[in-house]
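What follows is a short report on a single structure.
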Amino acid sequence: MLHLYSSNRLEFLAETAVALMQAAPPEAVFAPEEIVVQSQGMRRYLNHYLAERSGIAANLNFSLPAALSWQLTRRFLPDAPRLNPFAPEVLRWRLLPLLESADSALPAVLQGYLKSSTAAAYHLAGRLADVFDQYLVYRPHWLAQWEQGKLNGLGADEAWQAALWRTLAAEAPAAHRAAQHERLLAALTPARLPQRYLAFGISTLAPVYLDLLQALAEHTDVHLFAVNPSQQYWGDIQSPKRLAAQAEPVAEEAGHLLLSSLGKQGRDFFDRLAVSTRAMEQVELFPAPSESPSLLQYLQADIQLLRLPEKGSAQMDGSIVIQAAHSPLRELQILKEHLLRRLADNPELQPHHIAVLTPAVEDYLPFIHAVFGEAAPGSRALPYSVADVRLSRSQPLMLLAEQLIALMQSRFETERLLPLLDAQAVRRHWQIDETDAEFLRRSVAELNVHWGADAEMRAEHGGSGKVFTWQQATERSVLGWLLPEGEDTLWQGAHPWPVDLARQPAQAAWFVLLGKLREHHRRWQSPASIEGWIERFRALLTDAAGDTPAEADQAAWQQISQDLAAWQEEAALAGYTAALPPDTACQHLRRFFGQSSEAAFLRGGITFCSMVPMRSLPFDTVCLLGLNDGKYPRQTPAPAFDLIARHPQSGDRSRRDDDRYLFLESLLSARSHLYLSYIGRDHLKDEAQAPSPLLSELIDTLAQMAGQSSADFAAAHVRQHPLQAFSTRYFIPQHDGESSAELSENGLSGSLSGLRQDYAQALNQPAAEAAPFIGDTLPEAAGEPTVSLDSFLNFWSNPVRYWLRHTLQWKGPYADRPADSAEPYAIEHPDEVKQRYLDARRHREDFAQTEAKLQADSLLPAGLLGEILQEPERTAAKQLDSELLASPREPDFPFRFEYGGHTLVGSLTHLHQHGQIFYHAAELKAPAEIRLWLQHLVYCAVHPKAQATHLVSLDSPQTLPPLPQTEAAEQLARWFDYYLLGQQQPLPFFPRTSLAAAKACTAKDLAAQRLPEKALTAARGKYRDSRDYPGQNQDREVAQVYGRDEDEPINSPLFARLVLELLAPLHLCIAPKESKGKKAG
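Heads up: the sequence shown at position 48 corresponds to 48 in the UniProt record's numbering, and the numbers run straight through without jumps.
As structure tokens, this is what we get:
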């Protein structure tokens, strides 16, 4: 007999089910309790509930409705196979050859789609398999007509689907569930059935499964525990859309607004139960209305009793909260503070009493641990678990398998291969530690690898040669191991790359792995049978991660093995023996790792999960996040050829209707508190954004209960939060008598408060002017008695940075560029290319040899483009002054320059017969130009026979005329004075800015000892930001020292003194003349 237990409280149904199991256990001692549930989450809930009430939950056999139907089919119909040939995964492989051979019978649009890619037939077969599976459940009579050669008048897409179905049915006569269903119902006998079935937590059920339960009830007891939103009959209430179409709608047909709008899925199910003619015992387990209900309880009671909301019947009391934020991160931050308050105010409330649901939990996954897993002053960490996450996001080995499959379809781009160094399984198998992995990442950038395993792969994708490939990097590195250090010769087209031999084992292991991956890549480019693809995948994963997984990876390895075995079994049952193209095989393999897992559901702590139909469990506090317009209800359009979508009937399921009913169930699942959140403002423009239509409907209902218009209700009770968690709005107290409306400035409604003590302390401190980094009083200059020339020159390259590093041990933040797989179409390192040509000209090396090395080092774009781009550098190198290049070297000149008790010591190492000669390939930047001037100044001050200083350069050759030794010594002394001062405090000397100001000064300005407006304008142009480039005020060291000052340092007297006393005089004396360094040699 069928026993129907109805309630809107799942815990009432669970208590009744537990009492039934305890009062009348199965007569056979070892017979399991047969329980039908619609989700694994419901199974876990009932298990927990039974264990709490009975002390143990054991010998329970849970089945999903489809699994129960197939188990009974196998039991009562001996000819039924273990695996149904009409299961969607089997049907896919049965349909695939039919689509590949029968495209002429398909509509033109599908014929065109099948020709669009090699995997198009695979995708279409999967969609068709799902559609046919829905026909089996919801339209079995259509299939019966098709098998008889008849059509149902369903439109143009019916004929070709009917032809396909007849072919499938002829291959396996009477094997599908629709054909077996009537046979199964007729074959049911009490002798082979258990004592009873418990169908628990049923909120909606497909007609075929409801028929099965009702048929079982004729032979054994079936206890159906149904979650019904309303105690009254509500099968005849009309949706708002239908009521709007009526001229005079009847109030009784409307029912409750939310029930009529959101309850279609449940309404169809309970209507079928109500009109059933089979014997049924009904028990109602609805709660009595509360004497002093909260707003949430009042709303739930209205739905339970099918009452229309009464105007002014209830007011906002905190049981329902609606929040609007700017982003998913802010939603979580606001939610955490809200939950911390509830946990503090309700000692009985525990984290496991709280559920947080979102349309897609993976959108929030990166932020959950950052917000809930980290403690902060006033905001402790909260325990949590996250369910419904893709396997590849929760299992490292699954992620590695997914990356390897993607790699087999790639061009071996750097961003595809380098993530393998993050995989623990790869590093453990190949004995690569974190230090080794970091070295390998750096080496890839230094070796200029972009994409391509070798020249063969580059040729396959339209490239030429082996530039930018892993093969070139391997050859250069291995050659660097073998040749003597400093060797700079080509060997069979390879140029050695110097490497630390301590890293050689890790680099060798990496190159061996690359070689194996390349071998697999070659094999994966040809079609193979399903058995062949399974073997290829196993070999690939074994070579990458080894065949003995770590303990943490054993479950994932077992899951992969089971999935592969199931694929092979499904294909064998389908009789599919054709060779699969690589795209199809890879896409099918990736499906294994895109499945979501419920493993963490109800595992303790706050439960974060996605909104899943038929899994609405009771929690004290239910929080719904991400209720955004366009995101919820979720949009999952049916295929254009889906005949159910074109001809809907009562009881059909759709994702949109599922989401609407799920929202209704979530409202009823909250026992004390309902929290709703959406992204109500754009995080860039701060423009208002609409919530989900479902949330808007709830706001309309609550507004009616509060006796307000929807707009007024939303303005007063939807809390609009600021963009930042440290906003002052969270820490401004609300004064007595001050209403929320008075605080609704700029649309930010409601009073807010924050728990972060560190934010409050920072905001409560009186706003004080930022103290300058250095004081106004200049300390007396003092330093080491002996100063090396290198220290002196390095200081003037960037005095502020030098002072920070040597006085405060300051280090700039480390920034590493991500790997870029895009092949360059310009010279990426032009300075290095220029330097190579300059060195070749100096050492009289054949330019052909130089260009071969540049190609071997991947410093030039491939092909003709590289030849064109290097032509200007080759031409410039040919025009260098041969006389200077051939000038004989002279011995180094050690010197000591004594001044004021300090000594500058060093050696002039660039002396030639023609004077001091420096080689610098690229155009001089300001620090390098100042360094050149100082080297010339020192040369003239300490050498008795100083000549000109020459800069041999491809871009900007210069010749600095000699200075009188006395004048040079005087200027050097002034530079030395300020050097000593710069040891005590940072100097406002910014090479680019100061040099621009100095070049704008004239002799008259020096005589007047003032910076002209022209010089100040030039300084501002370099110091401040412009549209084209950042100013020098953005340099990290400059911002650190001067960023808090009200006035810019270029306006300080010291800046002017440094320019007028140091740079400007030197510039006027040695302003570079046009060099003869461009002569053709």
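We treat Cβ as the ideally placed atom computed from N, Cα and C, and that holds for glycine.
| query | result |
| --- | --- |
| Which residue marks the beginning of the beta strand (DSSP E) containing T469, and which one marks its end? | No beta strand (DSSP E) holds T469; DSSP gives it neither H nor E. |
| Do S692 and S616 have their CB atoms nearer than 8 Å? | no |
| If distances are taken between C-alpha atoms only, which option among H914, P861, S1052, R9 comes closest to K466? | P861 |
| Please report how far the alpha carbon of V612 lies from the alpha carbon of T358, in whole angstroms. | 9 Å |
| Rounded to a whole number of angstroms, what is the C-alpha to C-alpha distance between S749 and H717? | Residue placement at S749 cannot be trusted, given a pLDDT of 43 that sits under 50; the coordinates are not used to answer. |
| Taking the beta carbon of V29 as the centre, do at least 16 other beta carbons fall within 10 Å, making it buried, or is it exposed? | exposed |
| Is the beta carbon of A1000 closer than 8 Å to that of A1015? | yes |
| D130 to V426, Cα distance in whole Å? | 37 Å |
| Quick one: grab the DSSP three-state call for Q984. | coil |
| Can you tell me whether Y825 is buried or exposed? The criterion is at least 16 other CB atoms within 10 Å of its CB, across all chains shown. | exposed |
| Keeping to the same chain, check which residues put their C-beta closer than 7 Å to that of G915; ignore five residues upstream and five downstream. | Q947, A948, T949, H950 |
| Could you check the C-alpha separation between G747 and A725 for me, to the nearest Å? | Confidence at G747 is low in this model, with a pLDDT of 38, below 50, so its placement is unreliable and no value can be given for it. |
| Between A1071 and Q971, what straight-line distance do the alpha-carbon atoms span, to the nearest angstrom? | 15 Å |
| In this structure, does DSSP put K1079 in helix, strand or coil? | Because K1079 carries a pLDDT of 43, less than 50, the predicted location of this residue cannot be relied on, and no value is offered for it. |
| On the DSSP letters alone, give me the boundaries of the alpha helix (DSSP H) that D345 sits inside. | 328-345 |
| Give the DSSP-derived three-state secondary structure of E745 in the structure shown. | With a pLDDT of only 36 at E745, under 50, the local geometry of the prediction cannot be trusted, and no value is derived from it. |
| Does the distance from the C-beta atom of E569 to that of L83 stay below 8 Å? | yes |
| With 16 as the cutoff for other CB atoms within 10 Å, does D302 come out buried or exposed? | buried |
| What whole-angstrom Cβ distance do H429 and G546 have, given they're in contact under 8 Å? | 4 Å |
| For A174, collect the residues of the same chain with a Cβ closer than 8 Å to its Cβ; drop the 5 residues on either side in sequence, then sort them by chain order. | Q180, R183 |
| Do L676 and L723 come within 8 Å of each other at the CB atom, strictly closer than that value? | no |
| Below 8 Å on the Cβ atoms is my guess for I606 versus F372; work out the distance and round it to an integer in Å. | 7 Å |
| Classify I320 as buried or exposed, calling it buried when 16 or more other Cβ atoms lie within 10 Å of its own Cβ. | buried |
| If we ignore side chains and look at the alpha-carbon of each, how far apart do T474 and L400 end up? | 23 Å |
| Note down, in chain order, each residue of its chain lying with its Cβ closer than 6 Å to the Cβ of R805, except the 5 sequence neighbours on either side. | none |
| Can you tell me where the alpha helix (DSSP H) with P894 in it begins and where it stops? | It is not in any alpha helix (DSSP H) - P894 instead sits in the beta strand (DSSP E) that spans 893-899. |
| Terminal residues of the continuous alpha helix (DSSP H) containing T701? | 693-706 |
| Give the DSSP bridge partners of N8, in chain order. | According to DSSP, N8 bridges with nothing at all. |
| Could you pull the start and end residues of the alpha helix (DSSP H) that Y138 belongs to? | 120-138 |
| Rounded to whole angstroms, what is the Cα-Cα separation between F286 and L198? | 19 Å |
| Please state whether the Cβ-Cβ distance between L154 and R646 is less than 8 Å. | yes |
| Between the alpha carbons of E11 and F200, how many angstroms are there, rounded? | 11 Å |
| Pick out the complete beta strand (DSSP E) segments inside the segment 369-455, 3 residues or longer, and give them in chain order. | 384-386 |
| Whole angstroms are fine: how far does the CA of R139 sit from the CA of residue 1090? | Residue 1090 is absent from the structure shown; the chain starts at 1 and stops at 1081. |
| Nearest-angstrom Cα distance between G571 and L4? | As written in the sequence, residue 571 is Ala, which differs from the Gly given in the question. Whole-angstrom Cα-Cα distance: 41 Å. |
| Using C-beta distances below 7 Å, list every residue in its chain close to A191, excluding the 5 sequence neighbours before and after it, in chain order. | none |
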